[in-house]
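Since the structure comes first, as structure tokens, the remarks are kept for the end.
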Amino acid sequence: MPKLSLKDLALKNKKILMRVDFNVPLKEGAIADDTRIRAALPSIKYVINEGGSLILMSHLGKPKGKDPKLSLVPCAKRLSELLNMPVIMARDCIGEEVEREAKALKPKQILLLENLRFYNAEEHPDNDPSFAEKLSKLGDIYVNEAFGTAHRNHSSTAAIARFFKGKAALGFLMEKEITFLNMALENPKRPFFAIIGGSKISSKIGVLLKLVDKADALFIGGGMLFTFLKAKGIEIGDSLFEENELHTVEDIFQKAKQKTEIYLASDVVITDNSENIKIINCKDGIPKNWKGMDIGPKTVKEWSSLLNKAATIFWNGPLGVFENPAFAKGTNGIALAMASTKAITIVGGGDSLAAINNLKIEEKFSHLSTGGGAALEYIEYGTLPGIEALGSV
Ligand code: ADP
Ligand code: MG
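For the sequence shown, counting from 1, position 328 maps to 340 in this note's numbering; every step adds exactly one.
Right, here's the structure in full:
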């Protein structure tokens with residue numbers, strides 16, 4: 013069902029309450045990466061240019077109560093630098109003082125509320141429905157621009173929308189995320205190839221089952237590769253193994269049978285307890301006391317040439333333990349191969365994005381999803397609680 017867009021609403025002289033995802037990584041109290049703040053800038057600038065006043069709200073980290081280390085003050089400062097205009101920082105997210113501040117806002121002014129998760133009710137709207145209602149008092153219009161949190165049924169992402177019937181909209185980032193993910197899910201330009209890595213099958217069952225249905229080929233790497241190899245009767249030594257997911261692997265092979273090619277890595281980089289490293293062909297099996305850490309160079313070469321034939325590529329999950337440079341060549345090789353194709357390229361997942369950031373090839377991709385878990389849930393279910401709550405046009 014189509015949802016209202018920020019573009020559909022008259023914003024002049026209105027108070028726009030916008031849920032953003034300023035859940036940025038912090039290092040010693042400073043913002044280590046401001047990608048998420050930058051991602052919200054188009055919507056923020058649009059509201060300001062249209063003559064609305066903006067009340068921004070977000071969570072940051074996982075505070076237990078009011079933890080000053082997880083204050084949004086650094087985000088207010090960074091946003092102010094990025095916009096080159098003042099951003100007023102509230103001392104709380106609900107209560108009389110904030111209500112007064114919101115009311116006093118003039119058009120083109122911005123107020124950032126303090127960390128929503130200082131209140132337990134943010135994550136548990138049913139425990140205290142009045143929290144969402146108190147937040148709702150701050151604005152005339154509600155905009156959800158927090159894709160990274162849109163898979164959560166929280167007060168500020170979902171419960172709040174019922175106070176804004178006909179006045180609850182998607183922000184531009186949300187629309188962009190949905191558009192690109194739909195591009196892969198609904199009517200992808202074919203051939204559509206999906207590359208899945210990361211650590212565990214169990215965290216990606218829904219996505220794997222969905223993609224085996226939608227894609228023309230599925231490439232499997234990362235830790236989950238070894239349960240796939242094991243299912244084929246290949247010895248995997250001490251590699252990551254999820255015995256309980258053997259049936260999921262069977263389901264995937266079964267579903268793939270008719271129409272989807274499944275590519276498992278043909279060689280892997282393995283290591284033993286003494287940190288020796290070697291490369292072996294998967295068909296020969298991984299010796300006892302050795303474990304698979306990355307896809308091998310032959311696989312990178314084979315997959316890279318196949319990827320050149322794709323019209324759409326979706327990638328989630330590093331193909332090896334890329335945090336260690338000795339096991340990053342597979343992930344980096346495939347990221348670079350993807351970056352050099354002419355295909356529509358979509359990447360989801362925090363760690364996959366980190367790999368692309370390390371290589372500084374961000375601009376070579378069609379879309380880098382800002383929401384890891386949210387992107388995966390969107391692929392699985394085709395919608396998210398934060399989208400559904402908005403109601404239809
Ligand atoms: P994303 O954040 O992109 O969705 P995941 O969180 O699913 O990715 O997986 C990332 C993790 O998978 C990384 O920490 C990486 O070390 C791990 N991983 C990749 N390959 C292996 C492997 N062969 N064995 C164990 N862990 C792996
Ligand atoms: Mg991750």
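In this text, a Cβ means the ideal position worked out from N, Cα and C, and glycines have one as well.
Source: prediction; values computed, not measured.
- Secondary structure note for residue 360: its beta strand (DSSP E) is the uninterrupted segment 356–360.
- In this structure, residue 68 places its C-beta atom within 8 angstroms of the C-beta atom of residue 30.
- Comparing alpha-carbon positions, the option among 405, 328, 181, 320 lying closest to residue 398 turns out to be 181.
- Counting the other Cβ atoms within 10 Å of the Cβ of residue 382 gives 16 or more, which makes it buried.
- With contacts defined by Cβ atoms closer than 8 angstroms, residue 100 and residue 113 form a contacting pair.
- Per DSSP, residue 349 is one residue of the alpha helix (DSSP H) stretching across 341–351.
- Assignment of residue 169 by DSSP, reduced to helix, strand and coil, places it in the coil class.
- In the DSSP assignment, residue 281 is bridged to 291, 306.
- Each of 280, 62, 80 was checked against the Cα of residue 18, and the nearest Cα belongs to 62.
- Taking the Cα positions, residue 212 is about 18 angstroms away from residue 326.
- With fewer than 16 neighbouring CB atoms inside 10 Å of its own CB, residue 14 falls in the exposed class.
- Per the coordinates, the alpha-carbon of residue 215 lies some 11 angstroms from the alpha-carbon of residue 389.
- Residue environment: residue 289 is assigned as exposed (fewer than 16 neighbouring CB atoms within 10 Å of its CB, all protein chains considered).
- Annotation for residue 33 indicates a beta carbon at 7 angstroms or more from all heavy atoms of ligand 2.
- Sequence-distant partners of residue 279 (beyond 5 residues in either direction) whose C-beta falls short of 8 angstroms from its own C-beta, in its chain, are 291, 292, 293, 294, 307, 308, 309, 310, 311.
- At a cut-off of 7 angstroms, the beta-carbon of residue 250 does not count as near ligand 1: no heavy atom of the ligand is closer than that.
- A residue is called buried when at least 16 other Cβ atoms come within 10 angstroms of its Cβ; residue 259 does not meet this threshold and is exposed.
- With 16 or more other Cβ atoms inside 10 Å of its own Cβ, residue 364 counts as buried.
- Ranking 302, 283, 222, 277 by CA distance to the CA of residue 244 puts 277 first.
- Listed by position along the chain, the residues with Cβ atoms less than 6 angstroms from a non-hydrogen atom of ligand 2 are 361, 362, 363, 384.
- Between the alpha carbons of residue 201 and residue 324 lies a distance of about 6 angstroms.
- Taken through DSSP and simplified to helix, strand or coil, residue 373 comes out as coil.
- Residue 131 sits in coil when the DSSP states are folded into three classes, being neither helix nor strand.
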